[in-house]
Amino acid sequence: MDTHQTTTVAIISDSHDLVRPEIENFLRSSDLVVHAGDVGSDQTLEGFLSLNDDITLVRGNVDLDTKVSRLPERAILEVEGRSIHIVHDITTFSPGADAPDIVVFGHSHRPLEEKKGNTLFVNPGSIGPRRFSLPISYASLDLAEDVFSLQFHTIAP
Numbered sequence: 005m006d007t008h009q010t011t012t013v014a015i016i017s018d019s020h021d022l023v024r025p026e027i028e029n030f031l032r033s034s035d036l037v038v039h040a041g042d043v044g045s046d047q048t049l050e051g052f053l054s055l056n057d058d059i060t061l062v063r064g065n066v067d068l069d070t071k072v073s074r075l076p077e078r079a080i081l082e083v084e085g086r087s088i089h090i091v092h093d094i095t096t097f098s099p100g101a102d103a104p105d106i107v108v109f110g111h112s113h114r115p116l117e118e119k120k121g122n123t124l125f126v127n128p129g130s131i132g133p134r135r136f137s138l139p140i141s142y143a144s145l146d147l148a149e150d151v152f153s154l155q156f157h158t159i160a161p
């Protein structure tokens, strides 16, 4: 019998003032949601907050409205024994003395999964309006005590 609990983390970024109906159920059903910045507006922030009680958001470079401008530049979570650091722009990330297990970031709109040393770097891409030829994408991270699984998901334009 498997007694390990699995926690599903929805990872999104760069919504740019858009709450996509296509992912609302996914956000509602996830154990927690991480948004790596560029929410877009206070109204969009309220939309995301209404979808899940356990949501962590950081401020991006377009977050200028009253409430979104007060979001933190970075956040640190502990989930299933793993440290997750969240920033919008990876160039502002500095691990300090202890490198985290996972770094979630946005800004480039390019989905990325890259392991450097013992740290997994994840950019879910953008769930906002499509820009350039980049996909509309987000990620899901299933964490258990001793294993994890990362998946990227795309939405047709």
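Residue numbers (the working numbering): 5 to 161.
C-beta atoms are modelled at their ideal positions from N, C-alpha and C, and glycine is treated no differently.
Distance, Ile-90 Cα to Glu-82 Cα: Pairing Glu-82 with Ile-90, the inter-Cα distance amounts to about 11 Å.
For Val-13 and Met-5, the rounded distance between their alpha carbons: Because the pLDDT at Met-5 is just 42, under 50, the model does not fix this residue reliably, and the point stays unresolved.
Any alpha helix (DSSP H) of 4 or more consecutive residues that is wholly inside the stretch 10-66: Runs found: 25-33 and 46-53.
Residue of Ser-87, Leu-53, Glu-26 and Ala-40 minimising C-alpha distance to Val-66: Measuring from the Cα of Val-66, the nearest candidate turns out to be Ala-40.
Local conformation of Gln-91 per DSSP, three classes: First, the amino acid is wrong: residue 91 is Val here, not Gln. Strand at Val-91.
Contact check, Leu-147 vs Val-126, beta carbons under 8 Å: No, these two residues do not count as a Cβ contact at 8 Å.
Pick from Phe-52, Thr-11, Asp-93 and Asp-46 that is closest to Glu-31, judged by C-alpha positions: For clarity, residue 31 is Leu in the given sequence; the question names Glu instead. Here the closest residue by C-alpha is Phe-52.
Anticipated Cβ contact below 8 Å, Pro-99 with Ile-16, distance rounded: Contact between Pro-99 and Ile-16 is absent: CB atoms are separated by about 23 Å, not below the 8 Å threshold.
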